Amino acid sequence: MSPLPLFLDDALVVVDKPAGLPSVPGRPAELHDCMASRVQAELPDALVVHRLDMATSGLLVFARHKAAQSALGTAFAQRGVAKGYVAVVAGEVADDDGEIDLPLIADWPNRPLQKVDHALGKPSVTRYRVIERLHGRTRVALTPLTGRSHQLRVHLLALGHPIVGDALYAPPEVAAQSPRLLLHAHTLAFAHPVSGKPLSFESPLPF
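For reference, each letter of the sequence shown is one residue, going 1 to 207 in full-length UniProt numbering.
Structure (structure tokens):
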């Protein structure tokens, strides 16, 4: 397991996933290496709780038994987990903070892409706050209130500020500005699935 876990006990393990590594195995053979398999190589009882996009780096939690997996899964589903991300986006975001409330749905002809769909999309909400404006870019803190696939990437695109390095959604000139997606799962806070003790974690920003 690389790097070393940020937290480990009998109920769960928290790790820092690098960008470009899948959370779970993919269908192509080249995607069989993933964070789950690396964790399970050293902790065979580790169970998947949630996922990050392959291109996204940062905090990822695995449970170590079924009861913990169920409790953590419920916490994620019922918004009992506080998730914080940091991204660098193209352009200078005008407002210091705001909320993006746009329903999302899978763009089936163009899978795995997602899209805004006001008629059929599932409710999706992201809060954002400007950290700093960087000469044509903006570093933003993001709080997803829902957990849709590619939510942050699609919401920021819809705001007119695609994430730098986003090969799926950004225009080519923005995608080409970074060899990786500049999106990082920076903070995570939730109640321990067994003891109920509050836990919080922070992963250093890699960009």
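Glycine residues also receive a C-beta, built at the ideal position from the N, C-alpha and C atoms.
Quick caveat: nothing in here was measured; it's all calculated off a predicted structure.
Next on the checklist: Is the separation between the beta-carbon of threonine 126 and that of leucine 104 shorter than 8 Å?
Outcome noted: The sequence position of residue 126 within the sequence shown is 126, counting from 1. The sequence position of residue 104 within the sequence shown is 104, counting from 1. By the CB criterion at 8 Å, threonine 126 and leucine 104 fall outside the cutoff.
Next on the checklist: Do serine 70 and arginine 51 count as a contact pair if the criterion is CB distance below 8 Å?
Outcome noted: Along the sequence shown, read from residue 1 onward, the residue named residue 51 stands at position 51. Along the sequence shown, read from residue 1 onward, the residue named residue 70 stands at position 70. Not in contact: arginine 51 and serine 70 (Cβ atoms no closer than 8 Å).
Checklist entry - valine 39 and phenylalanine 76 look like a contact to me (Cβ under 8 Å); what is the Cβ gap, rounded to whole Å? => result As a first step, residue 39 is located in the sequence shown; it is residue number 39 there, counting from the start. As a first step, residue 76 is located in the sequence shown; it is residue number 76 there, counting from the start. The pair is not a contact, with the Cβ atoms about 18 Å apart (cut-off 8 Å).
Next on the checklist: Run through the DSSP bridge pairs and tell me what valine 89 is partnered with.
Outcome noted: Indexing the sequence shown from 1 puts residue 89 at position 89. Beta-bridge pairing links valine 89 to Thr138 and Ile163.
Checklist entry - Which residue comes first and which comes last in the alpha helix (DSSP H) that contains threonine 74? => result Stepping through the sequence shown from its first residue, residue 74 is reached at position 74. Unbroken alpha helix (DSSP H) run through threonine 74: 66-77.
Next on the checklist: Using only the alpha-carbon positions, how far apart do proline 5 and alanine 119 sit?
Outcome noted: By 1-based counting over the sequence shown, the position of residue 5 is 5. By 1-based counting over the sequence shown, the position of residue 119 is 119. Straight-line Cα distance between these residues: approximately 42 Å.
Item to check | Coil, strand or helix - glutamine 151 by DSSP | outcome: Here residue 151 is taken as the residue at index 151 of the sequence shown, counted from 1. For glutamine 151, the secondary structure class from DSSP, reduced to helix, strand or coil, is helix.
Next on the checklist: As a quick exercise: from Val81, Ser149, Leu181 and His65, pick the residue whose alpha carbon is nearest that of leucine 163.
Outcome noted: In the sequence shown, counting from the first residue as 1, residue 163 sits at position 163. For the record, residue 163 in the displayed sequence is isoleucine; it is not leucine. The candidate whose alpha carbon is nearest that of isoleucine 163 is Leu181.
Checklist entry - Beta carbon of valine 140, beta carbon of valine 93: below 8 Å? => result Reading the sequence shown from its first residue, position 140 is the one you call residue 140. Reading the sequence shown from its first residue, position 93 is the one you call residue 93. Yes, they are a contact pair.
Next on the checklist: Taking its Cβ as the centre, do 16 or more other Cβ atoms sit within 10 Å of proline 193, making it buried, or is it exposed?
Outcome noted: Counting from 1 along the sequence shown, the entry for residue 193 is found at position 193. Per the 10 Å Cβ criterion, buried.
Checklist entry - In angstroms, rounded to a whole number, what distance separates the CA positions of histidine 186 and valine 130? => result Indexing the sequence shown from 1 puts residue 186 at position 186. Indexing the sequence shown from 1 puts residue 130 at position 130. Taking the straight line from one Cα to the other gives about 15 Å.
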